[in-house]
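All letters in the sequence shown, in the order written, are residues 1 to 327 by this note's numbering.
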Amino acid sequence: MTVIARKAADSEAPEKKDQAPKAPKASLGSRFKKDKVLLLLAVPGILALLVFQYIPLLMNVIAFQDFQPFLGITSSPFVGFDNFRVIFNGDPAFLSALSNTLILTLIQVVFVFPLPIALALLLNSFMSEKWKQTIQSILYLPHFLSWVIVVALFQQMLGNAGLVNTWLRQADMSTFQIIGVPELFHALLTSQIIWKDTGWSTIIFLAAISKVDASLYEAAAIDRAPAWRRMWHITLPAIRPVIVLLLILRLGDSLTVGFEQIILQQVAVGTQVSEVLDTYVYNNGIIGGNWGVAAAVGLVKGIVSVALVLGANKIAHLFGERGVYSK
């Protein structure tokens, strides 16, 4: 691997070039004039961000109120931290939702997150370009289906009267029950997520792999390095910053484990195994009318998510990675 090591060292060595004198910094007005087209194109996105993301943050004030819709946030009485009692006093329904959320988060981080990486490496290492494009197109398709269609497809395939069980009955074989079984609900959710989104998530990793210096692979070929050594010593180190970045973002979103997918199947298995923080907020706020409690749980969920992003980014800095933002 000497040629690979030399190539890698050459690619990582800092370029020592004569530094040209810095140009004088342009004024704010001239920069605005130069980039006015790009700034105008960004205006709709900024407005959407303000209207749908930042202005709704003001409604978090109802977490500290006995909110009554007919009184509004200006006239509803403040109750301090009373709405947070379900969290601090360990309300059983809240603890059940928190437990299910953490279990699904752990499953998705450990089993679901690595799959697009493995699939991207497989497509890049062992597939011809023609087969790769064909398989990519097939794998992308489920991402464009709504959760309503995905859940319906699984029910039509694996339900008691579904395609598989019907065929087993016709063949005089024993059937199985997956849909509506509480003990298998987490496995069912995970399999649906893998089928729907694994292929689509490979796009980022395939784009990162395409940017790897081709001379490193040529050096590996000269050294007669097998495919798995090229993957281990060249591809994985090259895409490591992307993996760390996406893992940090995933941790920041870790308490969001799929509202639509779960609410569509909650009636069949009950809330004991299917209630998560998002459905807990919906059932308490929209259905139960406990707006303050729902807002309090949602507010704590957001604060924990921010803390997870900051903590994971700090750990990434300790390991020499850039993370979501620089130090």
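All C-beta atoms, glycine included, are put in the ideal place defined by N, C-alpha and C. On a predicted model such as this, the values are computed, not experimentally measured, just so you know.
Straight-line Cα distance separating residue j from residue i
{"i": "isoleucine 117", "j": "valine 244", "result": "12 Å"}
{"i": "isoleucine 222", "j": "phenylalanine 154", "result": "48 Å"}
{"i": "lysine 17", "j": "alanine 312", "result": "Only weak support is given to the placement of lysine 17: the predicted model assigns it a pLDDT of 49, under 50, and the question is left unresolved by the model."}
{"i": "glutamine 170", "j": "alanine 161", "result": "12 Å"}
{"i": "isoleucine 286", "j": "aspartate 278", "result": "12 Å"}
{"i": "proline 241", "j": "isoleucine 262", "result": "32 Å"}
{"i": "leucine 251", "j": "lysine 314", "result": "13 Å"}
{"i": "leucine 39", "j": "phenylalanine 84", "result": "42 Å"}
{"i": "threonine 74", "j": "threonine 202", "result": "48 Å"}
{"i": "leucine 50", "j": "arginine 229", "result": "48 Å"}
{"i": "leucine 57", "j": "glycine 289", "result": "20 Å"}
{"i": "phenylalanine 144", "j": "lysine 25", "result": "46 Å"}
{"i": "phenylalanine 319", "j": "valine 109", "result": "20 Å"}
{"i": "glycine 270", "j": "alanine 296", "result": "24 Å"}
{"i": "leucine 299", "j": "proline 69", "result": "19 Å"}
{"i": "isoleucine 234", "j": "glycine 180", "result": "45 Å"}
{"i": "glutamate 12", "j": "alanine 316", "result": "Here the model assigns glutamate 12 a pLDDT of 48, short of 50, so the residue's position is not dependable, and the following value carries that caveat. Spanning the two alpha carbons is a distance of roughly 20 Å."}
{"i": "tyrosine 140", "j": "lysine 196", "result": "8 Å"}
{"i": "valine 329", "j": "tyrosine 217", "result": "Since the first residue of the chain shown is 1 and the last is 327, residue 329 is not available in this structure."}
{"i": "leucine 71", "j": "isoleucine 62", "result": "12 Å"}
{"i": "threonine 166", "j": "glutamate 129", "result": "39 Å"}
{"i": "phenylalanine 78", "j": "tryptophan 291", "result": "13 Å"}
{"i": "valine 43", "j": "arginine 224", "result": "53 Å"}
{"i": "phenylalanine 67", "j": "phenylalanine 52", "result": "21 Å"}
{"i": "leucine 168", "j": "serine 174", "result": "7 Å"}
{"i": "valine 276", "j": "leucine 98", "result": "6 Å"}
{"i": "tryptophan 131", "j": "alanine 48", "result": "40 Å"}
{"i": "lysine 211", "j": "serine 96", "result": "45 Å"}
Selected residue, minimal CA-CA separation from residue i, among the options
{"i": "alanine 187", "options": "Leu50, Ser128, Leu308 and Asn100", "result": "Asn100"}
{"i": "serine 137", "options": "Val150, Leu123, Phe67 and Asp91", "result": "Leu123"}
{"i": "glycine 302", "options": "Leu50, Asn60 and Leu40", "result": "Asn60"}
{"i": "glutamine 133", "options": "Arg224, Lys36 and Leu206", "result": "Leu206"}
{"i": "isoleucine 239", "options": "Leu39, Arg322 and Leu41", "result": "Arg322"}
{"i": "isoleucine 209", "options": "Lys196, Ala227, Met231 and Ala220", "result": "Met231"}
{"i": "alanine 152", "options": "Val297, Gln265, Asp91 and Val276", "result": "Gln265"}
{"i": "valine 150", "options": "Ala268, Glu260 and Gly298", "result": "Glu260"}
{"i": "glycine 199", "options": "Val112, Asp66, Met157 and Gly29", "result": "Val112"}
{"i": "alanine 268", "options": "Pro182, Val43 and Tyr280", "result": "Pro182"}
{"i": "threonine 105", "options": "Glu275, Asp253 and Trp291", "result": "Asp253"}
{"i": "proline 332", "options": "Thr256, Ile204, Val212 and Tyr280", "result": "Only positions 1 to 327 of the chain appear in the structure, and residue 332 is not among them; the question remains open."}
{"i": "alanine 120", "options": "Ser174, Leu236 and Asn165", "result": "Leu236"}
{"i": "threonine 256", "options": "Gln272, Val304, Ala214 and Lys211", "result": "Val304"}
{"i": "serine 191", "options": "Ile107, Leu28, Val276 and Ala48", "result": "Ile107"}
Cβ pair residue i, residue j closer than 8 Å
{"i": "isoleucine 193", "j": "leucine 184", "result": "no"}
{"i": "phenylalanine 64", "j": "glycine 45", "result": "no"}
{"i": "valine 309", "j": "isoleucine 248", "result": "yes"}
{"i": "glycine 103", "j": "phenylalanine 94", "result": "It should be noted that the sequence gives isoleucine, not glycine, for residue 103. No."}
{"i": "asparagine 283", "j": "valine 293", "result": "no"}
{"i": "alanine 380", "j": "serine 125", "result": "No answer is possible for residue 380: it lies beyond the span of the chain, which begins at 1 and ends at 327."}
{"i": "glycine 90", "j": "leucine 189", "result": "no"}
{"i": "valine 164", "j": "methionine 157", "result": "yes"}
Which residues DSSP lists as bridging residue i, in chain order
{"i": "phenylalanine 78", "result": "Gln65"}
*What residue ranges within the segment 144-222 form continuous beta strand (DSSP E) runs of no fewer than 3 residues, ordered along the chain?*
Listed in chain order, there is nothing to give.
*Please go through the segment 80-107 and give each complete alpha helix (DSSP H) segment of 4 or more residues, from N-terminal end onward.*
Within the segment 80-107, the complete alpha helix (DSSP H) segments of 4 residues or longer fall at 85-88 and 92-107, listed in chain order.
*Secondary structure, beta strand (DSSP E): runs of 3+ residues fully inside the segment 260-303*: Whole beta strand (DSSP E) segments, 3+ residues: zero.
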